[in-house]
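Remarks on the structure that follows.
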Amino acid sequence: MQRAFKVYGRTNEPCDRCGTPIEKTRTVGRGTWYCPHCQPRGPER
1 MQRAFKVYGR TNEPCDRCGT PIEKTRTVGR GTWYCPHCQP RGPER
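Per my numbering, the very first residue in the sequence shown carries number 1; after that it's consecutive.
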């Protein structure tokens, strides 16, 4: 099943969609991986 993950555990590897390096952040003590180009941050609260 882990082969199907698009970004999990892929820090600094290129995004499959756009090639931008995957970033990791911590949210509520858990790791969150995302592509900053394909999934930009929302407005700060």
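By construction, the Cβ of each residue, glycine as well, lies at the ideal position given by its N, Cα and C atoms.
Same chain, Cβ closer than 8 Å to Glu-13, neighbours up to 5 away in sequence not counted:
Against the sequence shown, residue 13 aligns to sequence position 13. Correct list, in chain order: Pro-21, Ile-22.
Could you tell me if Cys-18 is buried or exposed, where buried requires 16 or more neighbouring beta carbons within 10 angstroms of its beta carbon?
Here residue 18 is taken as the residue at index 18 of the sequence shown, counted from 1. By the 10 Å Cβ count, Cys-18 comes out exposed.
Using only the alpha-carbon positions, how far apart do Lys-6 and Cys-15 sit?
Taking the sequence shown and counting its residues from 1, the one referred to as residue 6 is at position 6. Taking the sequence shown and counting its residues from 1, the one referred to as residue 15 is at position 15. Looking at the two C-alpha atoms, the distance is approximately 8 Å.
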